[in-house]
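Trainee: Provided herewith is a single structure, encoded as structure tokens, for subsequent inquiry.
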Amino acid sequence: MRLSTIGCGYLGAVHAACMAELGHEMVGLDVDQAKVDKLSRGESPFHEPGFPELLRRNVESGRLRFTTDPAEITDAEIHFIGVGTPQMKGRYAADLSQVDAAVSTVLEHSRPRGERPVLIAGKSTVPVGTAEGIAERAAASGKDIAVVWNPEFLREGFAVKDTLHPDRIVYGLPEDRVRGTVIREILDECYAQLLEEQIPRLLTNYPTSELVKVAANSFLATKISFINAMAELCEATGGDVTKLAEAIGHDDRIGKKFLRAGIGFGGGCLPKDIRAFMARAGELGVDQTLTFLREVDAINLRRREGTVELAAGLFGGRLVGRKVAVLGAAFKPDSDDLRDSPALDIATRLWARGADVVITDPAAGDGLRRARPDLYVVDTVEQAVKNADLVMVLTEWKQFTELDPAELLPRVRGPRIIDGRNVLDPHRWHEAGWDYHGIGRGVSTW
Ligand code: UDX
């Protein structure tokens with residue numbers, strides 16, 4: 000099929016390349032010329048395992064193109080909307096200006112051929128009610144353009160796998176069954192290969208499909224904040240939250256995943272999605288329904304200050320002049336994404352308290368240097384830990400979880416380590432002579 004993707008950021012670029020991989024002819028449209036040039040050369044603008052190979056292969060085959068010229072999307076049968084919906088400045092609500100602009104572009108440039116409608120397939124995370132509004136605009140355009148909401152659940156670090164082998168596919172369809180069936184058939188044709196794999200495909204209406212995405216992210220955020228609340232209790236009592244999580248996780252009604260306590264969640268999705276969800280609930284007059292998400296957010300943010308306090312406490316409350324090596328800046332490993340990164344937030348707070356902070360990250364270093372010239376960023380762990388009074392693992396990159404405590408010991412000035420992700424073995428670090436501190440991880444002989 001001939002397809003287009005509007006917006007070539009994380010979601011859009013990966014989606015575009017994956018659709019080309021399925022054999023479709025794809026054109027990715029973006030307003031950022033530099034990004035389009037880079038993608039057109041087969042170079043990834045972000046760090047994502049497996050993506051550069053996929054991108055190059057499909058650009059070289061000619062099935063995948065990128066452009067800033069909207070005239071090039073004219074013949075596409077499906078236009079995927081993959082633009083960002085960031086948090087509005089100073090407000091909780093999502094900024095939908097990019098979605099609105101993408102829809103305008105499609106309505107202006109798309110040229111339906113008559114036999115069946117052209118689709119706008121929304122993938123961006125949007126407040127409930129958005130798809131209906133877009134469908135009204137499409138109907139008013141006088142062109143045969145239909146709208147389906149088809150949320151994307153990809154995780155950074157697993158983006159290619161999550162797009163080509165998702166857990167489920169959701170179609171949000173209009174209530175008109177005849178029209179809805181035609182839309183379903185078109186999208187089924189696009190995803191034929193995925194459907195052959197028996198990936199569950201759920202058909203529903205617009206509001207449900209929009210809610211599915213924010214509900215999923217709210218649930219994940221709640222799970223993380225739940226375990227971080229338990230970490231606070233463990234800190235108050237000498238308990239070990241990692242054992243607690245393991246024990247409750249054996250109950251498969253609870254499950255082991257997303258119960259890793261630590262410095263909390265960040266990134267371009269979870270924090271802004273729960274805030275936009277609360278804002279939307281307020282607009283709908285059901286704000287009380289989601290007040291618990293305020294607490295989820297608060298617990299999450301408290302972890303950041305709590306970790307700074309933990310660090311300060313190791314020096315009698317004063318960080319001035321202490322050299323702190325921060326290992327990790329990205330919001331999670333296998334990513335160079337610094338958006339709302341707890342690691343970077345903590346590093347910034349330490350610096351503001353007078354600590355001499357040195358940061359290293361295997362992928363986010365260059366981006367960090369550009370975004371934050373005020374911070375001191377080095378390339379290697381060796382450089383970062385040299386003469387450090389404190390080492391902090393804040394993003395669980397494999398390089399950091401595999402560090403050898405004995406080898407690191409002679410490089411530092413004070414053998415103190417804060418394991419912000421509870422990924423190190425406390426006994427091993429103790430035995431090697433380190434003063435180890437996890438998050439909610441009282442040290443027990445067991
Ligand atoms: C998330 C959703 O998982 C994905 O389905 C959605 O499409 C986009 O948002 P992503 O932002 O890539 O994906 O990150 P995710 O893997 O969910 O992690 C989010 C944050 O939570 C990270 O900062 C991570 O370190 C933190 N986290 C995750 C924890 O603190 N503890 C956990 O147990 C799991």
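Quick note on numbering: numbering that gives the first Met the number 0 labels position 229 of the sequence shown as 228, and the sequence is numbered without any gaps.
Glycine is no exception: its CB is placed at the ideal position from the N, C-alpha and C atoms.
1) Under the criterion of a Cβ to heavy atom distance below 6 angstroms, does residue 209 qualify as lining the ligand UDX?
2) Helix, strand or coil, according to DSSP, for residue 221 in the structure here?
3) Figure out for me which residue from 229, 252, 235 and 251 has the closest Cα to the Cα of residue 242.
4) Start and end of the alpha helix (DSSP H) containing residue 161?
5) Looking at residue 226 and residue 193, is the spacing between their C-beta atoms short of 7 angstroms?
6) Could you check if residue 149 is buried or exposed, using at least 16 other CB atoms within 10 Å of its CB as the buried criterion?
7) Return the first residue and the last residue of the alpha helix (DSSP H) that residue 433 is part of.
8) For a test of your reading of the model: does the CB of residue 268 fall under 6 angstroms from any non-hydrogen atom of the ligand UDX? Yes or no.
9) Pull up the distance between the alpha-carbon of residue 279 and that of residue 180, whole angstroms please.
10) If residue 379 sits next to residue 268, beta carbons under 8 angstroms apart, how far is it from one beta carbon to the other, in whole angstroms?
11) With respect to 6 angstroms, is the separation between the Cβ of residue 34 and the closest non-hydrogen atom of the ligand UDX below this value?
12) Would residue 208 pass as a contact of residue 169 if the rule is Cβ separation under 7 angstroms?
13) Per DSSP, what kind of secondary structure is residue 86 in: helix, strand or coil?
14) Name the residue from 157, 216, 143 and 210 whose alpha carbon lies nearest to the alpha carbon of residue 182.
15) Which residue or residues does DSSP assign as beta-bridge partners of residue 170?
16) Alpha carbon to alpha carbon, how far is residue 119 from residue 33? Give it in angstroms, no decimals.
17) Any chance you could list the beta strand (DSSP E) runs of at least 3 consecutive residues sitting entirely within the segment 69-150, in chain order?
18) For residue 440, tell me which candidate among 232, 4 and 411 has the shortest Cα-Cα distance.
19) Which residues mark the beginning and the end of the alpha helix (DSSP H) in which residue 52 is found?
20) Which value, in whole angstroms, describes the spacing of the CA atoms of residue 23 and residue 211?
21) At which residue ranges does the segment 352-403 contain complete beta strand (DSSP E) runs of 3 or more residues, listed in the order of the chain?
22) So for residue 0, helix, strand or coil by DSSP?
23) Please list, in chain order, all residues of the same chain as residue 151 whose beta carbon is under 6 angstroms from its beta carbon, the five residues on each side excluded.
24) Looking at residue 331 and the ligand UDX, is the gap between the Cβ and the nearest heavy atom below 6 angstroms?
25) Under the three-state reduction of DSSP, which class applies to residue 66: helix, strand or coil?
26) What did DSSP end up calling residue 37 once you bin it into helix, strand or coil?
27) Any idea which residues DSSP pairs residue 442 with across the strands?
28) Ignore the nearest five residues each way along the sequence and tell me which others in residue 298's own chain have a CB closer than 6 angstroms to its CB.
29) What separation, rounded to the nearest whole angstrom, lies between the Cα atoms of residue 140 and residue 173?
30) Please report the residue range of the alpha helix (DSSP H) in which residue 280 lies.
Mentor: In short:
1) Counting from one through the sequence shown, the residue named residue 209 turns up at place 210. No, the ligand UDX has no heavy atom inside 6 angstroms of this Cβ.
2) As a first step, residue 221 is located in the sequence shown; it is residue number 222 there, counting from the start. Under the three-state reduction of DSSP, residue 221 is assigned to helix.
3) For the purposes of this step, residue 242 is taken as residue 243 along the sequence shown, with counting starting at 1. The shortest C-alpha separation from residue 242 is found at 229.
4) By one-based count along the sequence shown, residue 161 stands at place 162. It spans 158-163 - the alpha helix (DSSP H) in which residue 161 sits, taken as one unbroken run.
5) As a working mapping, residue 193 is identified with position 194 in the sequence shown. As a working mapping, residue 226 is identified with position 227 in the sequence shown. Cβ distance not < 7 angstroms, so residue 193 and residue 226 don't count as in contact.
6) What you label residue 149 is simply residue 150 of the sequence shown in a count that begins at 1. Classification for residue 149: buried.
7) The residue you call residue 433 lines up with position 434 of the sequence shown. Unbroken run through residue 433: none, as it is neither H nor E.
8) Here residue 268 refers to the residue found at position 269 when the sequence shown is read from its first residue. Checking the Cβ of residue 268 against the ligand UDX gives yes.
9) Numbered from its first residue, the sequence shown carries residue 279 at position 280. Numbered from its first residue, the sequence shown carries residue 180 at position 181. Roughly 29 angstroms between the two C-alpha positions.
10) In the sequence shown, the residue the question calls residue 379 occupies position 380. In the sequence shown, the residue the question calls residue 268 occupies position 269. Going by Cβ atoms, the distance from residue 379 to residue 268 rounds to 30 angstroms, so no, they are not a contact pair.
11) By one-based count along the sequence shown, residue 34 stands at place 35. The answer is no for residue 34.
12) Locating residue 208 in the sequence shown gives position 209, counting from the first residue. Locating residue 169 in the sequence shown gives position 170, counting from the first residue. Yes, they are a contact pair.
13) On the sequence shown, residue 86 is found 87 positions in, with the first residue counted as 1. Of the three classes helix, strand and coil, the one that applies to residue 86 here is strand, per DSSP.
14) Looking up residue 182 in the sequence shown gives position 183. For the residues 157, 216, 143 and 210, the minimum Cα distance to residue 182 belongs to 143.
15) The residue labelled residue 170 in the question sits at position 171 within the sequence shown. Assignment of beta-bridge partners to residue 170 by DSSP yields 202.
16) Residue 33 sits at position 34 when you count from the first residue of the sequence shown. Residue 119 sits at position 120 when you count from the first residue of the sequence shown. One Cα belongs to residue 33, the other to residue 119, and the distance between them is close to 26 angstroms.
17) 77-80, 117-121 and 144-148
18) Translated into positions along the sequence shown, residue 440 becomes position 441. It is 232 whose Cα lies nearest to the Cα of residue 440.
19) Residue 52 sits at position 53 when you count from the first residue of the sequence shown. Segment 50-60, the alpha helix (DSSP H) holding residue 52.
20) On the sequence shown, position 24 is the one that residue 23 refers to. On the sequence shown, position 212 is the one that residue 211 refers to. Their Cα atoms are separated by approximately 27 angstroms.
21) Whole beta strand (DSSP E) segments, 3+ residues: 355-359, 375-377 and 389-392.
22) If you number the sequence shown from 1, residue 0 lands on position 1. Coil at residue 0, not helix or strand.
23) Reading the sequence shown from its first residue, position 152 is the one you call residue 151. Within the same chain, residue 151 has close Cβ partners 10 and 122.
24) Position 332 of the sequence shown holds residue 331. Result yes, Cβ under 6 angstroms from the ligand UDX.
25) Against the sequence shown, residue 66 aligns to sequence position 67. DSSP places residue 66 in strand when its eight states are reduced to three.
26) Here the question's residue 37 lines up with position 38 in the sequence shown. Reduced to three states, the DSSP call for residue 37 is helix.
27) Mapped onto the sequence shown, residue 442 falls at position 443. For residue 442, which the question treats as bridged, DSSP gives no partner whatsoever.
28) For this step, residue 298 is matched to residue 299 along the sequence shown. Around residue 298: 224, 227 and 228.
29) Sequence index remark: in the sequence shown, residue 140 carries index 141 (1-based). Sequence index remark: in the sequence shown, residue 173 carries index 174 (1-based). Residue 140 and residue 173 have their C-alpha atoms some 17 angstroms from each other.
30) Locating residue 280 in the sequence shown gives position 281, counting from the first residue. Going by DSSP, residue 280 is part of the alpha helix (DSSP H) stretching over 269-282.
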